[in-house]
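Residue numbers (our numbering): 4 to 260. What follows is a single structure, written as structure tokens, with notes after it.
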Ligand SMILES: [Zn+2]
């Protein structure tokens, strides 16, 4: 092959792979007109954000996003760890029951079993919403208080955890995500977009590293101070995200595709 043909081929393949990535990343953008009414949300397990949790959250930000911390009010108040939501991150818990999930999130400090996370801040993992297996939505953290659930995006992301440990219809998982959870996620996403028009994007946790790619429309939102602090995630599953996005497009009156 001549050098010119090789260069042309290389250029074309780079262009095509760039296009493919852009098309893949475009799925993260929420369709216009998706906002919807408020579903029933249980506040039975809402958490009190006490001084110790605020202090631990600020310690976490000092390690992972010190520039942002410098902009927040320097006080031991919830306002000093609040944020404007820009995207939604969907998870599954990898824990099969609501009771065990709530026990896990209730602790202030990350457990000794999660070594990589613990080495990078003592704040426990946390989440704004948990969807039980029957579709019941529980509010845990206040919507605009920073919780630790996704590297690089906690300062802009509202998290939705689904109780379960596998994708929709993945029977081998033991507790695969349910149709009731899918319905509840659709309703909750629509409601959150209605309450916070600043929310433009939705991703599955497994997709969070795509935002490090310059071609991603939400690239500017990603910030993690430590370049080696990354995890590999598979939740909530490709089928769940595909179905959720399709349902959101349909509720917004757009092409279902
Ligand atoms: Zn997750």
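Virtual Cβ for every residue (Gly too), placed ideally from N, Cα, C.
Could you pull the start and end residues of the alpha helix (DSSP H) that residue 206 belongs to?
-> Counting along the chain, residue 206 falls outside any alpha helix (DSSP H), though it belongs to the beta strand (DSSP E) covering 204 to 207.
* Between the C-alpha atoms of residue 253 and residue 219, what's the straight-line distance to the nearest angstrom? -> 23 Å
Handout entry: beta strand (DSSP E) runs contained entirely in the stretch 127 to 156, provided each spans 3 or more residues
Key = If we require 3 residues or more, the beta strand (DSSP E) runs fully inside the stretch 127 to 156 come out as 132 to 134 and 140 to 142.
With a cut-off of 5 Å, give the chain-ordered residues whose Cβ is closer than this to any heavy atom of ligand 1.
-> Those residues, listed in chain order, are 94, 208 and 238.
Handout entry: Validate contact between the stretch 91 to 110 and the stretch 235 to 246 using beta carbons, cut 8 Å, 3 pairs
Key = yes
Where do the ends of the beta strand (DSSP E) carrying residue 188 lie? Residue 188 -> not in any beta strand (DSSP E); alpha helix (DSSP H) instead, spanning 182 to 198.
>> Suppose you measure from the CA of residue 248 to the CA of residue 229; what does that come to, to the nearest Å?
In response: 31 Å
Go ahead and pull the three-state DSSP assignment for residue 164. strand
Note to self: Can you tell me whether residue 135 is buried or exposed? The criterion is at least 16 other CB atoms within 10 Å of its CB, across all chains shown.
What the structure shows: buried
Q | Buried or exposed (CB count within 10 angstroms, at least 16 for buried), residue 128 | A | With 16 or more Cβ atoms within 10 Å of its Cβ, residue 128 is classed as buried.
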